[in-house]
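Residue numbers (the working numbering): 38 to 633.
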DNA sequence: GCCGTTTTCGGCCCGACTGTTTTCAGTCG
């Protein structure tokens with residue numbers, strides 16, 4: 038096809054394409070008459086999901102002459118044409134038409150709880166409401182109940198929903214979700230508050246260890262749902278009950294966070310966990326597999342002709358579908374089901390595989406714990422080694438170390454080592470990678486270091502080419518053991534650097550420089566997109582807490598979860614190595630430092 | 001719009017809850 042070379046240079050990523058298909062589906066639903074084909078809408082959503090789950094960027098795959106867009110499930114001749122149009126021009130004509138019919142702000146209405154496409158359409162047609170502001174005005178003036186399908190209750194719910202949108206900007210960080218999960222679990226289980234309470238599992242994106250969590254999904258087994266719901270209602274005095282039925286309940290806390298509860302019979306726990314853990318895309322594939330086998334899968338179990346055949350455990354359901362049990366972190370419909378069908382799932386790294394933390398700060402720079410306190414915290418986690426990696430001088434805000442202070446700090450670490458025998462203290466540094474790729478301290482000092490991580494804290498707005506060259510040059514010095522938080526993103530605050538990640542992965546494998554998976558809840562860097570590259574390049578990783586206080590060593594668990602979502606096995610992770618193996622790696626690097 | 005124990009049209013994942021109806025459509029997960 039003659040347009041291909043041009044498309045091959047496209048910088049449009051898969052996520053952008055998926056979003057345009059999702060937007061098309063939304064707009065089709067808002068504009069279509071009731072008789073319009075709802076499966077056409079679903080086809081766009083399927084296409085979006087399918088594109089999103091690809092491990093390769095289409096803009097790059099398309100350069101391969103043997104690559105066929107229509108080989109992608111859910112992509113037929115029509116959507117393939119639209120993908121080509123998007124890669125070439127950034128849009129396609131159907132979407133342009135739809136956008137002309139529906140103002141962009143009308144789509145915002147879909148973000149309001151209890152407003153879906155049908156009601157958005159009514160609001161647009163009958164009341165000419167095209168924005169959240171207009172919706173608020175109309176609801177306040179009780180104009181909504183004039184519309185078919187709206188009553189006084191919906192009006193109130195919509196006003197409450199609008200307030201909620203203003204109150205909470207988005208999703209919880211994993212740390213907040215973990216604290217909330219612990220609190221609600223304790224409340225439900227305390228002092229036998231609920232007679233006959235069986236299992237209680239927090240499912241949903243929390244159990245899949247996603248980077249951020251929308252709401253908490255509680256799955257509970259109990260013969261009687263009423264006391265379970267009554268107990269949840271007392272969790273937070275300022276909470277509001279959003280809905281309550283026979284087995285299902287939803288509350289919104291004073292903080293704006295939402296908790297959904299579902300009570301199921303004991304023999305349905307496995308099926309319910311699969312169902313409420315998701316992801317939605319994963320579940321859809323499972324149900325299709327069930328249907329292909331003449332079975333039906335729902336949250337109560339797996340059925341053959343209305344006869345229950347599995348459902349009390351997840352293992353039972355997966356096995357009945359011809360699949361190995363799939364860890365929740367992998368349930369994203371990105372190929373894990375095929376692996377489970379052929380017994381090729383990875384043996385994911387676990388927290389107990391981690392022998393040490395290789396990124397820790399003390400109060401000598403911007404940490405809040407002393408060296409001694411950090412060592413005790415590491416001993417409590419039964420680590421065999423840790424690296425103290427305080428900042429270098431460039432990071433003035435963090436009281437970064439020059440060579441004199443660094444050597445003094447290392448001397449203190451040596452002295453501390455004399456006092457402890459059950460843990461090895463590595464003398465480290467988090468060295469800033471300056472704008473041109475040079476390192477923040479002179480080469481001589483590196484020969485004295487046990488462990489060096491490079492990181493960027495300043496000058497983050499360089500171009501994609503500059504940023505890539507900067508990190509690549511730093512790795513090519515041979516002085517770095519690892520790159521810390523490689524993309525620099527801060528969840529909800531700052532996007533990742535402009536960076537050619539494939540090039541970073543390529544050079545990191547060449548230079549034997551590890552890439553960090555950082556456990557700080559706002560970082561979790563490398564993120565989802567980058568971890569997809571793990572399968573393609575033989576890079577090794579370090580899984581670190583980046584703790585700035587003793588209690589933050591627990592952030593290791595978030596880093597491990599992130600590694601699991603990337604499908605990593607322990608042999609890919611440096612600090613899941615025994616100390617002897619780690620030392621041989623360090624010795625190799627240290628010899629390079631001396632010869633540099 | 002996609003897909004096929006397909007070869008051209010009929011089916012497409014499943015169920016709870018709610019409000020406004022008066023038997024169900026819409027929304028949500």
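All residues carry an ideal CB built from backbone N, CA and C; glycine is no exception.
- According to the DSSP assignment, residue 554 belongs to the beta strand (DSSP E) that extends over 551-555.
- Under a 10 Å Cβ-count criterion, residue 532 is classified as exposed, with fewer than 16 other Cβ atoms of the shown protein chains found around its own Cβ.
- With a 10 Å radius around the Cβ and a threshold of 16 neighbouring Cβ atoms, residue 379 comes out exposed.
- Straight across, the Cα-Cα distance linking residue 254 with residue 89 is about 24 Å.
- Bounds of any beta strand (DSSP E) do not take in residue 170; it lies within the alpha helix (DSSP H) bounded by 169-177.
- About 17 Å separates the beta carbon of residue 564 from that of residue 582, a gap too long to meet the 8 Å contact definition.
- Residue 102 is positioned such that its CB atom lies no closer than 8 Å to that of residue 49.
- The three-state reading of DSSP puts residue 564 in coil, since its state is none of H, G, I, E or B.
- By the CB criterion at 8 Å, residue 394 and residue 590 fall inside the cutoff.
- Short of 6 Å from the beta carbon of residue 196, and not among the five residues preceding or following it, lie these beta carbons of its own chain, in chain order: 176.
- By the Cβ test, the stretch 291-310 is in contact with the stretch 261-277, since at least three Cβ pairs between them sit closer than 8 Å.
- Looking at the backbone, the Cα of residue 347 and that of residue 360 are separated by about 13 Å.
- Going by C-alpha positions, residue 80 is about 7 Å away from residue 111.
- With a threshold of 16 other beta carbon atoms within 10 Å, residue 240 meets it and is buried.
- Ranked by Cα distance from residue 579, the first of 572, 593, 214 and 217 is 593.
- Contact between residue 245 and residue 307 does not hold, since their C-beta atoms are separated by about 16 Å, which reaches or exceeds 8 Å.
- The continuous beta strand (DSSP E) containing residue 258 extends over residues 253-258.
- Distances from the alpha-carbon of residue 609 to those of 233, 576, 588 and 621 put 576 closest.
- 516 is the residue among 106, 516, 215 and 506 whose C-alpha sits nearest the C-alpha of residue 476.
- For residue 422 against residue 616, the beta-carbon gap comes to about 5 Å, under 8 Å, which counts as contact.
- Sixteen is the threshold: when 16 or more other Cβ atoms of the shown chains lie within 10 Å of the Cβ of residue 295, as they do, the residue is buried.
- Cβ-Cβ separation between residue 185 and residue 159: approximately 7 Å, consistent with a contact (criterion under 8 Å).
- Restricting attention to alpha helix (DSSP H) runs no shorter than 4 residues, the stretch 116-199 encloses them at 130-138, 141-145, 154-164 and 169-177, ordered along the chain.
- Contact annotation, residue 408 with residue 399: C-beta distance approximately 5 Å; criterion of less than 8 Å satisfied.
- For residue 504, the CB contacts under 6 Å within the same chain, skipping 5 residues up- and downstream, are 534, 535 and 536 in chain order.
- The beta carbon of residue 585 lies closer than 7 Å to those of 398, 403, 404 and 405 in the same chain, with the five residues before and after it left out.
- The straight-line gap separating the alpha-carbon atoms of residue 60 and residue 440 is approximately 54 Å.
- Judged by beta-carbon spacing, residue 606 lies within the 8 Å limit of residue 386, meaning their Cβ atoms are closer than that value.
- Scanning 550, 56, 290 and 256 for the CA closest to the CA of residue 123 turns up 56.
- The alpha-carbon of residue 547 is positioned some 17 Å away from that of residue 490.
- Cα atoms of residue 339 and residue 511: separation of roughly 54 Å, rounded to the nearest angstrom.
- Residue 286: member of the beta strand (DSSP E) spanning 285-289, first to last residue.
- The continuous beta strand (DSSP E) containing residue 469 extends over residues 461-469.
- The three-state secondary structure of residue 363, taken from DSSP, is coil.
- Per the coordinates, the alpha-carbon of residue 154 lies some 47 Å from the alpha-carbon of residue 544.
- A direct Cα-to-Cα measurement between residue 150 and residue 157 gives close to 11 Å.
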